[in-house]
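To start, the structure itself, in C-alpha coordinates.
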Amino acid sequence: MDQTPDVFAAALASGDTDRVNRAINEIEDLDLQERAALFEDCFERCRELYKSGDGYQRQSVVRFAAALYPRLAFRTVGTELTDQALPGDWTLEEIETHRRRLREFYLDALVDDDGRVRRAAAKALKELAVTAELIGADDELQTMLTELETLAEDHDNEAVQKHIDQAYENVEFHAEKPGSLLPDAFRDALE
-7 MDQTPDVFAA ALASGDTDRV NRAINEIEDL DLQERAALFE DCFERCRELY
43 KSGDGYQRQS VVRFAAALYP RLAFRTVGTE LTDQALPGDW TLEEIETHRR
93 RLREFYLDAL VDDDGRVRRA AAKALKELAV TAELIGADDE LQTMLTELET
143 LAEDHDNEAV QKHIDQAYEN VEFHAEKPGS LLPDAFRDAL E
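The working numbering puts the sequence shown at residues -7 to 183.
Okay, here's the thing in C-alpha coordinates:
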(Lines of atoms letter the chains of each structure in order from A and count residues from 1; the text may use other names and numbers.)
(Lines give C-alpha, C1' and ligand atoms only; values in the text may rest on other atoms or scores of the structure.)
Protein backbone atom coordinates (compact mmCIF):
# COMPACT_ATOMS: atom_id res chain seq x y z
CA MET A 1 0.00 0.00 0.00
CA ASP A 2 1.33 3.43 -0.92
CA GLN A 3 1.59 5.60 2.16
CA THR A 4 -0.11 8.73 0.87
CA PRO A 5 -3.11 10.64 2.21
CA ASP A 6 -5.09 9.71 -0.94
CA VAL A 7 -4.45 6.00 -0.56
CA PHE A 8 -5.26 6.04 3.15
CA ALA A 9 -8.45 8.04 2.52
CA ALA A 10 -9.56 5.61 -0.21
CA ALA A 11 -9.04 2.67 2.14
CA LEU A 12 -11.06 4.32 4.91
CA ALA A 13 -13.84 5.35 2.53
CA SER A 14 -14.08 1.83 1.10
CA GLY A 15 -15.81 0.42 4.14
CA ASP A 16 -13.85 -2.80 3.51
CA THR A 17 -12.61 -4.17 6.84
CA ASP A 18 -9.41 -5.64 5.41
CA ARG A 19 -8.45 -2.41 3.63
CA VAL A 20 -9.25 -0.31 6.68
CA ASN A 21 -7.22 -2.53 9.01
CA ARG A 22 -4.33 -2.61 6.55
CA ALA A 23 -4.34 1.22 6.41
CA ILE A 24 -4.35 1.44 10.21
CA ASN A 25 -1.52 -1.09 10.45
CA GLU A 26 0.47 0.78 7.80
CA ILE A 27 0.19 4.10 9.61
CA GLU A 28 1.07 2.48 12.95
CA ASP A 29 4.20 0.94 11.40
CA LEU A 30 5.53 4.31 10.25
CA ASP A 31 8.25 6.06 12.19
CA LEU A 32 6.92 8.84 14.44
CA GLN A 33 8.44 11.53 12.24
CA GLU A 34 6.91 10.00 9.11
CA ARG A 35 3.50 10.03 10.81
CA ALA A 36 4.05 13.62 11.88
CA ALA A 37 4.85 14.59 8.29
CA LEU A 38 1.58 13.00 7.12
CA PHE A 39 -0.50 14.29 10.02
CA GLU A 40 -1.94 17.50 8.56
CA ASP A 41 -3.03 16.11 5.19
CA CYS A 42 -4.30 12.81 6.57
CA PHE A 43 -6.10 14.47 9.47
CA GLU A 44 -7.95 16.82 7.14
CA ARG A 45 -9.01 13.84 5.00
CA CYS A 46 -10.19 12.09 8.16
CA ARG A 47 -12.37 15.05 9.10
CA GLU A 48 -13.91 15.13 5.62
CA LEU A 49 -14.57 11.38 5.63
CA TYR A 50 -16.04 11.56 9.11
CA LYS A 51 -18.61 14.10 7.97
CA SER A 52 -19.71 12.08 4.96
CA GLY A 53 -19.29 8.45 6.06
CA ASP A 54 -21.58 5.87 7.57
CA GLY A 55 -21.10 4.51 11.11
CA TYR A 56 -18.42 1.99 10.17
CA GLN A 57 -16.51 4.58 8.16
CA ARG A 58 -16.71 7.09 11.01
CA GLN A 59 -15.42 4.45 13.45
CA SER A 60 -12.62 3.62 11.02
CA VAL A 61 -11.69 7.29 10.74
CA VAL A 62 -11.49 7.66 14.52
CA ARG A 63 -9.33 4.52 14.78
CA PHE A 64 -7.10 5.75 11.96
CA ALA A 65 -6.73 9.21 13.52
CA ALA A 66 -5.67 7.55 16.79
CA ALA A 67 -3.04 5.52 14.92
CA LEU A 68 -1.97 8.62 12.97
CA TYR A 69 -1.20 10.57 16.15
CA PRO A 70 2.62 10.91 15.99
CA ARG A 71 3.20 10.94 19.76
CA LEU A 72 6.35 13.02 19.31
CA ALA A 73 6.03 14.18 22.92
CA PHE A 74 6.97 10.65 24.04
CA ARG A 75 10.49 11.40 22.83
CA THR A 76 10.78 14.04 25.57
CA VAL A 77 9.88 11.80 28.52
CA GLY A 78 12.75 11.80 30.98
CA THR A 79 14.18 15.07 29.66
CA GLU A 80 13.22 18.69 29.91
CA LEU A 81 10.24 19.41 27.68
CA THR A 82 11.74 21.78 25.09
CA ASP A 83 11.74 22.15 21.32
CA GLN A 84 15.30 20.76 21.31
CA ALA A 85 14.12 17.52 22.96
CA LEU A 86 11.83 16.82 20.01
CA PRO A 87 13.01 15.00 16.90
CA GLY A 88 13.61 16.95 13.72
CA ASP A 89 12.38 20.52 13.45
CA TRP A 90 9.17 19.94 15.38
CA THR A 91 8.16 22.41 18.07
CA LEU A 92 6.21 22.04 21.28
CA GLU A 93 3.55 24.30 19.79
CA GLU A 94 3.12 22.03 16.77
CA ILE A 95 2.79 18.86 18.81
CA GLU A 96 0.35 20.57 21.18
CA THR A 97 -1.69 21.53 18.12
CA HIS A 98 -1.81 17.86 17.08
CA ARG A 99 -3.17 16.91 20.50
CA ARG A 100 -5.68 19.78 20.57
CA ARG A 101 -7.05 18.99 17.11
CA LEU A 102 -7.34 15.30 17.94
CA ARG A 103 -9.03 16.08 21.26
CA GLU A 104 -11.63 18.27 19.54
CA PHE A 105 -12.23 15.58 16.93
CA TYR A 106 -12.61 12.82 19.53
CA LEU A 107 -15.00 14.93 21.62
CA ASP A 108 -17.24 15.34 18.55
CA ALA A 109 -17.06 11.61 17.90
CA LEU A 110 -17.89 10.87 21.53
CA VAL A 111 -21.46 12.05 20.94
CA ASP A 112 -21.90 10.28 17.57
CA ASP A 113 -25.13 8.39 16.93
CA ASP A 114 -23.20 5.13 16.51
CA GLY A 115 -21.91 3.37 19.62
CA ARG A 116 -18.91 1.93 17.77
CA VAL A 117 -17.75 5.46 17.00
CA ARG A 118 -18.24 6.57 20.60
CA ARG A 119 -16.24 3.59 21.93
CA ALA A 120 -13.37 4.34 19.54
CA ALA A 121 -13.43 8.00 20.59
CA ALA A 122 -13.38 7.15 24.31
CA LYS A 123 -10.39 4.87 23.77
CA ALA A 124 -8.57 7.53 21.73
CA LEU A 125 -9.19 10.18 24.42
CA LYS A 126 -7.62 7.84 26.95
CA GLU A 127 -4.48 7.70 24.80
CA LEU A 128 -4.32 11.50 24.76
CA ALA A 129 -4.70 11.51 28.54
CA VAL A 130 -1.79 9.09 28.88
CA THR A 131 0.37 11.38 26.76
CA ALA A 132 -0.66 14.45 28.75
CA GLU A 133 0.18 12.69 32.01
CA LEU A 134 3.57 11.46 30.77
CA ILE A 135 4.67 14.92 29.65
CA GLY A 136 3.18 16.68 32.66
CA ALA A 137 0.55 18.61 30.69
CA ASP A 138 -1.81 19.00 33.65
CA ASP A 139 -3.59 21.90 31.95
CA GLU A 140 -4.54 19.64 29.03
CA LEU A 141 -5.90 17.00 31.39
CA GLN A 142 -7.99 19.63 33.18
CA THR A 143 -9.22 20.99 29.84
CA MET A 144 -10.30 17.49 28.82
CA LEU A 145 -12.17 17.01 32.08
CA THR A 146 -13.93 20.35 31.71
CA GLU A 147 -14.90 19.62 28.11
CA LEU A 148 -16.22 16.18 29.08
CA GLU A 149 -18.26 17.71 31.91
CA THR A 150 -19.78 20.16 29.43
CA LEU A 151 -20.59 17.31 27.04
CA ALA A 152 -22.26 15.40 29.86
CA GLU A 153 -24.42 18.41 30.70
CA ASP A 154 -25.43 18.87 27.06
CA HIS A 155 -26.38 15.24 26.32
CA ASP A 156 -28.98 13.27 28.19
CA ASN A 157 -29.10 10.24 25.87
CA GLU A 158 -28.27 7.27 28.12
CA ALA A 159 -26.07 5.49 25.56
CA VAL A 160 -24.10 8.64 24.79
CA GLN A 161 -23.82 9.46 28.49
CA LYS A 162 -22.33 6.02 29.14
CA HIS A 163 -19.43 6.70 26.77
CA ILE A 164 -18.91 10.24 28.06
CA ASP A 165 -18.73 8.86 31.60
CA GLN A 166 -16.25 6.19 30.50
CA ALA A 167 -14.05 8.81 28.83
CA TYR A 168 -14.29 11.06 31.88
CA GLU A 169 -13.21 8.26 34.23
CA ASN A 170 -10.25 7.43 32.00
CA VAL A 171 -9.06 11.04 31.83
CA GLU A 172 -9.70 11.60 35.53
CA PHE A 173 -7.53 8.58 36.37
CA HIS A 174 -4.58 10.18 34.59
CA ALA A 175 -5.33 13.65 35.96
CA GLU A 176 -5.12 12.27 39.50
CA LYS A 177 -1.52 11.13 38.89
CA PRO A 178 -1.74 7.42 39.71
CA GLY A 179 2.07 7.29 39.57
CA SER A 180 2.13 9.22 42.81
CA LEU A 181 0.76 6.11 44.52
CA LEU A 182 3.87 4.09 43.63
CA PRO A 183 6.66 3.54 46.18
CA ASP A 184 9.22 6.35 46.10
CA ALA A 185 12.09 4.16 44.85
CA PHE A 186 10.05 2.82 41.95
CA ARG A 187 8.72 6.27 41.04
CA ASP A 188 12.27 7.66 41.10
CA ALA A 189 13.44 4.86 38.81
CA LEU A 190 10.67 5.66 36.33
CA GLU A 191 11.52 9.34 36.32
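No residue lacks a Cβ here, since even glycine has one placed at the ideal position from N, Cα and C.
Alpha-carbon spacing of residue i relative to residue j, whole angstroms
i	j	result
residue 8	residue 38	16 Å
residue 145	residue 25	38 Å
residue 14	residue -5	11 Å
residue 104	residue 66	30 Å
residue 83	residue 124	16 Å
residue 147	residue 76	42 Å
residue 59	residue 113	12 Å
residue 51	residue 110	8 Å
residue 94	residue 6	23 Å
residue 16	residue 141	30 Å
residue 96	residue 132	12 Å
residue 157	residue 12	28 Å
residue 33	residue 155	29 Å
residue 203	residue 78	This structure gives no information on residue 203, because the portion of the chain shown stretches from -7 to 183.
residue 108	residue 150	15 Å
residue 19	residue 64	15 Å
residue 45	residue 100	14 Å
residue 92	residue 98	10 Å
residue 88	residue 122	14 Å
residue 3	residue 49	10 Å
residue 200	residue 168	With the chain covering only -7 through 183, there is no way to say anything about residue 200.
Extent of the continuous alpha helix (DSSP H) run through residue i
i	result
residue 31	24 to 44
residue -3	-3 to 6
residue 47	47 to 60
residue 201	Because the chain spans -7 through 183 in this model, residue 201 falls outside it and cannot be assessed.
residue 15	9 to 21
residue 157	150 to 167
Whole-Å CB distance - residue i paired with residue j, under 8 Å assumed
i	j	result
residue 62	residue 27	4 Å
residue 31	residue 90	6 Å
residue 73	residue 128	7 Å
residue 0	residue 56	7 Å
residue 221	residue 163	The requested residue 221 does not occur in the structure, where the chain is confined to residues -7 to 183.
residue 106	residue 47	4 Å
Residue-chain proximity (residue i, chain C), Cβ-Cβ < 8 Å
i	result
residue 148	Absent from the structure: chain C. Only one protein chain is present.
Item checked: Ranges of the beta strand (DSSP E) found wholly within the segment 83 to 111, counting only runs of at least 3 -> With a minimum length of 3 residues, no continuous beta strand (DSSP E) run stays inside the segment 83 to 111.
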